[in-house]
Amino acid sequence: MRIVLTRWPHQAGRLEEGLRAAGIDVGFLPLTEQRLPADLTVLRAAVTDLAEGRFQWLLLTSATTVWALQEAGWDGDVPEGTRIGVTGPGTAQALPSAAPQAWMPHREASAAGILAELPAPRPGEQVLLPQSAQARPQLVNGLRSAGWEVTQVTAYETVDRVREGTLPPSGADDRCAGVVGPAELAGAEAVLITSSTAARAWARLTLPGESDTPALLAIGRPTAQTLDELQLSARMLEDVSAAAVLRALGVAPGPEHARPRPVDRRPGTGH
1 MRIVLTRWPH QAGRLEEGLR AAGIDVGFLP LTEQRLPADL TVLRAAVTDL
51 AEGRFQWLLL TSATTVWALQ EAGWDGDVPE GTRIGVTGPG TAQALPSAAP
101 QAWMPHREAS AAGILAELPA PRPGEQVLLP QSAQARPQLV NGLRSAGWEV
151 TQVTAYETVD RVREGTLPPS GADDRCAGVV GPAELAGAEA VLITSSTAAR
201 AWARLTLPGE SDTPALLAIG RPTAQTLDEL QLSARMLEDV SAAAVLRALG
251 VAPGPEHARP RPVDRRPGTG H
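Taking UniProt numbering, the leading residue of the sequence shown gets 1, the next gets one more, and so forth.
Listed below in structure tokens is the structure:
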């Protein structure tokens, strides 16, 4: 069985490791690329304010956000009295070694999970929230409604490579090792959509006419919502793990289970 993820091979982590351990052939179709802001002044100022103890919480919603902060000068350290919150284990894994243990929601690894479980603020407590330029306003609005004073900064932007016409060639160099092109999706059982921008890029992608459309799996509620808005049927992963991927496809763990149960691909039936 082959499963393709809409990100770069160098962004692979425990999810891909787990899929390979289960006997899955993992491929990559990088529909998007994350880029730093052209001007890092605001992001660097936020890193300075963080080091000076201005914030009680630093909330991080992706490994890419961690990367962007490091590019702006953050070494992972925070002052005593400042806590780090992350959406889930994948983001926690990306933290620099100097970072303290991060808090994360237990029930749902998402912005909604953070809003549901983050402790209530004391008066005047502040949050630093670095995000993608394309981030939905749900988290920042929810935090402010809960009484937090939020400093939101753009950490990076996600670029649609389909719109730009810059999809990388298959296996062109070491960075592209494991990359597949649209023509190579015919044998894939599923494509794992990793972000809302990737969902929109997928909707624009032209697949070969003879190819069967693979099942779509979504990482995170915002991605699932975007796919649903695009009338693309998808299943949202319960969590970001190989076991969750196999459950979504109706496959028992283990390489001996090569074929999934049928997945409903009718438009408009996604969650």
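Cβ atoms here follow ideal geometry from the backbone N, Cα and C, with glycine treated the same way. Bear in mind that the values here come from a model prediction, so they are computed numbers and not experimental data.
Select from the options the residue whose C-alpha is nearest the C-alpha of residue i.
| i | options | result |
| --- | --- | --- |
| Arg-138 | Pro-123, Gly-113, Arg-54 | Here residue 138 is Gln; the residue named in the question, Arg, does not match the sequence. Gln-138 has its Cα closest to that of Gly-113, out of Pro-123, Gly-113, Arg-54. |
| Val-179 | Pro-168, Ala-186, Pro-214, Glu-189 | Pro-168 |
| Thr-213 | Met-104, Glu-80, Ala-203 | Ala-203 |
| Thr-87 | Glu-80, Gly-81, Pro-105, Val-78 | Pro-105 |
| Arg-144 | Arg-107, Ala-190, Arg-122 | Arg-122 |
| Val-162 | Gly-181, Leu-15, Pro-130, Asp-49 | Gly-181 |
| Ala-146 | Glu-117, Gln-131, Leu-19, Ala-22 | Glu-117 |
| Ala-120 | Ala-45, Gly-142, Gly-13, Leu-15 | Gly-142 |
| Arg-107 | Val-245, Leu-249, Val-240 | Val-240 |
| Asp-160 | Val-140, Thr-64, Leu-205 | Leu-205 |
| Gly-124 | Glu-164, Trp-148, Ala-177 | Trp-148 |
| Arg-136 | Ala-177, Gln-101, Val-78, Thr-223 | Thr-223 |
| Ala-177 | Asp-39, Arg-14, Arg-44, Phe-28 | Phe-28 |
| Leu-115 | Leu-5, Gln-101, Val-140 | Val-140 |
| Arg-14 | Leu-232, Ala-63, Ala-201, Ala-38 | Ala-63 |
| Ala-201 | Ala-188, Leu-40, Glu-164 | Glu-164 |
Apart from the five residues just before and just after residue i, which ones in its own chain have a Cβ nearer than 8 Å to its Cβ?
| i | result |
| --- | --- |
| Arg-247 | Glu-238 |
| Phe-55 | Asp-49, Thr-82, Gln-126, Val-127, Leu-128, Thr-151 |
Please say whether residue j and residue i have beta carbons closer to each other than 8 Å?
| i | j | result |
| --- | --- | --- |
| Val-47 | Trp-74 | yes |
| Pro-30 | Arg-2 | no |
| Ile-84 | Ala-99 | yes |
| Thr-61 | Ala-111 | yes |
| Thr-158 | Gln-34 | yes |
| Leu-59 | Leu-50 | no |
| Val-127 | Thr-91 | no |
| Leu-32 | Gly-53 | The sequence shown places Thr at residue 32, rather than the Leu named in the question. In this structure, Gly-53 does not lie closer than 8 Å to Thr-32 by Cβ. |
| Gln-131 | Thr-151 | no |
| Pro-96 | Gly-76 | yes |
| Ala-242 | Ala-22 | yes |
| Ala-186 | Leu-249 | no |
Going along the chain, which residues of its own chain have a beta-carbon closer than 7 Å to the beta-carbon of residue i, five neighbours each way excluded?
| i | result |
| --- | --- |
| Glu-17 | none |
| Leu-227 | Ile-193, Ala-199, Leu-216, Ala-218, Ala-234, Gly-270 |
| Arg-221 | Ser-110, Ala-112, Met-236 |
| Leu-36 | Ala-68, Glu-71, Tyr-156 |
| Arg-259 | With a pLDDT of only 40 at Arg-259, under the threshold of 50, the placement of this residue in the model should not be trusted; the figure read from the coordinates follows. Same-chain partners within the cutoff: there are none. |
| His-257 | Confidence is the limiting factor: at His-257 the pLDDT is only 43, short of 50, which leaves the residue's position unreliable, though a coordinate-based value still follows. Contacts found: Val-251. |
| Arg-20 | Val-26 |
Residues in its own chain within less than 6 Å of residue i by CB, not counting five upstream and five downstream?
| i | result |
| --- | --- |
| His-10 | none |
| Ile-24 | Met-1, Ile-3 |
| Val-244 | The amino acid at residue 244 is misidentified as Val; the sequence shows Ala. Hits under 6 Å: Leu-237, Glu-238. |
| Leu-230 | Ala-203 |
| Pro-208 | Ala-183 |
| Pro-79 | Gly-53 |
May I ask you to list the residues that DSSP assigns as paired with residue i?
| i | result |
| --- | --- |
| Trp-103 | Gly-85 |
| Met-236 | Ala-218 |
| Ile-114 | None; Ile-114 has no bridge partner. |
| Val-4 | Gly-27, Val-191 |
Hey, is the stretch 68-88 in contact with the stretch 183-200, meaning 3+ C-beta pairs nearer than 8 Å?
no
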